[in-house]
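Residues 29 to 254 in my numbering are what the sequence shown lists, from first letter to last. The structure appears below as structure tokens.
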Amino acid sequence: MTNISQRNALLSQLEPQDKADLISIMSDFDFEAGHEFGEVGDDISHIYFVNHGIISAVATMEDGQSAEAYMVGCEGFTGVTAWQVPAETSVRFFCHLAGNAFRVKAAKLRGLASQSESLRTTLASYGAALQVELEQAAPCNAIHSATQRFAKWLLRAHDRANGDTLFMTQEFLAKMLGVQRTTVNDAAQSLAAAGAISYSRGRVTIKDRAALERASCECYLTPEGT
Ligand SMILES: [Zn+2]
């Protein structure tokens, strides 16, 4: 590969031989906002180790309502089970912040992982961290307020973004949080009143990260390695 701009935390944690072996089978992949990485039911043919940007895993219900299940940035990779066994995607992966990833065929990664315990351990560590996040998600949605969850979501996006300004519409945020646009508006006004953010048409700017952390529920976790 040329023009490597590696930032993925898992790749940084790999043993040198694992890293060299993995890099030899990966290619650079730039993605733009809105890029679709796969629909529900697709075989996971490729896995993306994110260097920059954010890929969202979104669940959509039969009536069209949707909510983000989790986001993937430079702390992880898409298709979290597909390095172990052939798998289909159960969520829709799409890019919500343009960036770059290293792309590898899932079958090739499985072959490499079958030969290296240290590689398996590193890949499994991400799966374990993601499982903790997902185990928190249902109680968080049931117990914590929309404003708390919005603050948590913004912190997670801020961790994975470059800079303090995030470009996203209320409609997009409503789909990510699984709430009405009016709820997003109320939550944004509340966070703005606390001095945590400013919000104008399609743009959220983090003004006071500490205030945003205070407004978030306890479910916010700092991604490893960032
Ligand atoms: Zn919560």
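The beta carbon of each residue, even a glycine, is placed where N, CA and C say it ideally should be. Quick caveat: nothing in here was measured; it's all calculated off a predicted structure.
Residues of its chain near residue i, where Cβ-Cβ distance is below 7 Å and the 5 sequence neighbours each way are ignored
i	result
Met29	Any reading at Met29 is ruled out, since the residue's pLDDT is 49, under 50, leaving its predicted position unreliable.
Ala135	none
Ala239	Ala222, Gly223 and Ala224
Ser244	Gln176, Ala179, Lys180 and Leu183
Arg131	Met54, Ser55, Phe57, His74 and Tyr76
Residue burial classification, residue i (beta-carbon count within 10 angstroms, cutoff 16)
i	result
Arg242	exposed
Gln198	buried
Val160	exposed
Asp70	exposed
Asn36	buried
Thr211	buried
Nearest residue (CA-CA) to residue i, options the options
i	options	result
Ala166	Ser73, Arg177 and Ala157	Arg177
Ala129	Asn169, Asp58 and Ser146	Asp58
Gln12	Ser94, Phe65 and Glu103	Because the chain spans 29 through 254 in this model, residue 12 falls outside it and cannot be assessed.
Gly62	Val86, Ser153 and Tyr154	Val86
Val119	Met204, Tyr227 and Ala216	Met204
Ser40	Val100, Ala141 and Phe77	Phe77
Arg229	Phe195, Val132 and Ala202	Phe195
Glu145	Asp46, Leu249, Glu246 and Cys247	Asp46
Three-state secondary structure assigned by DSSP to residue i
i	result
Leu42	coil
Asp49	helix
Glu67	coil
Ser244	coil
Gly223	coil
Leu137	helix
Ser218	helix
Val78	strand
Residues near residue i by beta carbon distance below 6 Å, same chain, minus five either side
i	result
Tyr227	Ala216 and Ala220
Ala97	Ala85, Ala87 and Val119
His186	Ile234
Contacts around residue i, its chain only, beta-carbon distance under 8 Å, and the 5 residues preceding and following it disregarded
i	result
Phe122	Gly62, His63, Glu64, Phe65, Ile83, Ser84 and Val86
Threshold first: 4 residues or longer. Then list the alpha helix (DSSP H) segments lying entirely within the stretch 144-215, N to C. The stretch 144-215 contains these whole alpha helix (DSSP H) runs: 145-171, 174-188 and 198-205.
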